[in-house]
Amino acid sequence: MRRLAAVVLLAAGWLLGGCAAIPAGVQGALRQLLDLRMTVRGAVDENAYYLFVLDTNGRDSEGPEVIAPLTNFLGNGRATGVYQHYVEYHQGQFELFRDQPEQEGQVVPPRVALGQPFSFDSGSSQGTLRCSLDLNKVEAQGGLKTNAADPDIQQIEINFITVNEIVLPGSLPPTPRQSDGLGTDGTNFITFRVNNGLVIGNTGLEQPGEFFGGQQLDAAYDLVDFRIEIRQGG
Ligand SMILES: [Ca+2]
Ligand SMILES: [Ca+2]
-18 MRRLAAVVLL AAGWLLGGCA AIPAGVQGAL RQLLDLRMTV RGAVDENAYY
32 LFVLDTNGRD SEGPEVIAPL TNFLGNGRAT GVYQHYVEYH QGQFELFRDQ
82 PEQEGQVVPP RVALGQPFSF DSGSSQGTLR CSLDLNKVEA QGGLKTNAAD
132 PDIQQIEINF ITVNEIVLPG SLPPTPRQSD GLGTDGTNFI TFRVNNGLVI
182 GNTGLEQPGE FFGGQQLDAA YDLVDFRIEI RQGG
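With our numbering as the guide, the letters of the sequence shown map in order to residues -18 to 215.
Written out as structure tokens, the structure is:
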């Protein structure tokens, strides 16, 4: 057994040596990438908001949801439910934000811009938006990790949400809103454990031709497909 342990230690030492050969500042072997893709029925509206919304704190089984069409309280105009982060695509830019849903009667801190995702790709004329997050850099409770020893994200609840215009409380009259999310009413977020190799696609959860507030969604805001993948990144 002792000899076997020595062999294992040698192997581990070789692996560490291999890592050390990677140039300083490049931590490719340590990246855990969350690849996200959403597709809408038509071309993307560059003035609209396309949100990859994540609940990462692992504390509960609630997640991000679309703000209901007829609600009196519009919160931050983007999403409701429970979440700590979203990647927002708007006017050609992808940006990761720390944010939280607003609750009626409570004052919450303003959202915080955390920079671009690890990678992103706009095929907006074809209606497809992609981004990848390095999960090893994201703090489960919200924000970016400041210490490598901070706990890793174990579980994620995600929703893909479109919003044609941000309408905030007090806006009178409210601009006609269009918003889509997973499921017929946008409240069917997906829950998954963070494991390399995980792939989740649309198996009928999200459909074209859905309605919001009694009106059929325009093609630019009507989600038709999505994909989630977790992989060790280079
Ligand atoms: Ca939907
Ligand atoms: Ca849809």
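A virtual CB, placed ideally from N, CA and C, is assigned to each residue, including glycine.
Bear in mind that the values here come from a model prediction, so they are computed numbers and not experimental data.
Residue i to residue j span [Cα, whole Å]
{"i": "residue 90", "j": "residue 121", "result": "17 angstroms"}
{"i": "residue 102", "j": "residue 81", "result": "25 angstroms"}
{"i": "residue 157", "j": "residue 186", "result": "25 angstroms"}
{"i": "residue 126", "j": "residue 155", "result": "38 angstroms"}
{"i": "residue 96", "j": "residue 50", "result": "30 angstroms"}
{"i": "residue 5", "j": "residue 11", "result": "Unreliable positioning characterises residue 5 in this predicted model, as indicated by a pLDDT of 44, which lies under 50. The coordinate reading is nonetheless provided below. Using only the alpha carbons, I get a separation of about 13 angstroms."}
{"i": "residue -8", "j": "residue 129", "result": "At residue -8, the pLDDT of 35 sits below 50, so the modelled position is not reliable; the number obtained from the coordinates is stated separately. For residue -8 and residue 129, the distance between alpha carbons rounds to 24 angstroms."}
{"i": "residue 212", "j": "residue 76", "result": "21 angstroms"}
{"i": "residue 100", "j": "residue 144", "result": "22 angstroms"}
{"i": "residue 114", "j": "residue 196", "result": "34 angstroms"}
{"i": "residue 191", "j": "residue 148", "result": "21 angstroms"}
{"i": "residue 201", "j": "residue 21", "result": "6 angstroms"}
{"i": "residue 142", "j": "residue 150", "result": "19 angstroms"}
{"i": "residue 161", "j": "residue 204", "result": "6 angstroms"}
{"i": "residue 36", "j": "residue 45", "result": "7 angstroms"}
{"i": "residue 29", "j": "residue 72", "result": "8 angstroms"}
{"i": "residue 84", "j": "residue 43", "result": "15 angstroms"}
Enclosing beta strand (DSSP E) for residue i [first to last residue]
{"i": "residue 168", "result": "Residue 168 -> no beta strand (DSSP E), and no H or E assigned at all."}
{"i": "residue 105", "result": "Here residue 105 belongs to no beta strand (DSSP E), and DSSP marks it neither H nor E."}
{"i": "residue 138", "result": "136 to 144"}
{"i": "residue 148", "result": "Element bounds for residue 148: n/a, residue is neither H nor E."}
{"i": "residue 14", "result": "13 to 21"}
{"i": "residue 207", "result": "204 to 213"}
{"i": "residue 123", "result": "Residue 123 -> no beta strand (DSSP E), and no H or E assigned at all."}
{"i": "residue 175", "result": "Note, residue 175: premise wrong, no beta strand (DSSP E); not H, not E."}
Quick one: which unbroken beta strand (DSSP E) runs of 3-plus residues sit fully inside the segment 26 to 85? Chain order, please. As far as the segment 26 to 85 is concerned, its whole beta strand (DSSP E) runs of at least 3 residues are 30 to 36, 66 to 71, 74 to 79.
Test item, CB below 5 angstroms from any non-hydrogen atom of ligand 2: Those residues are 161, 191, 203, 204, given in chain order.
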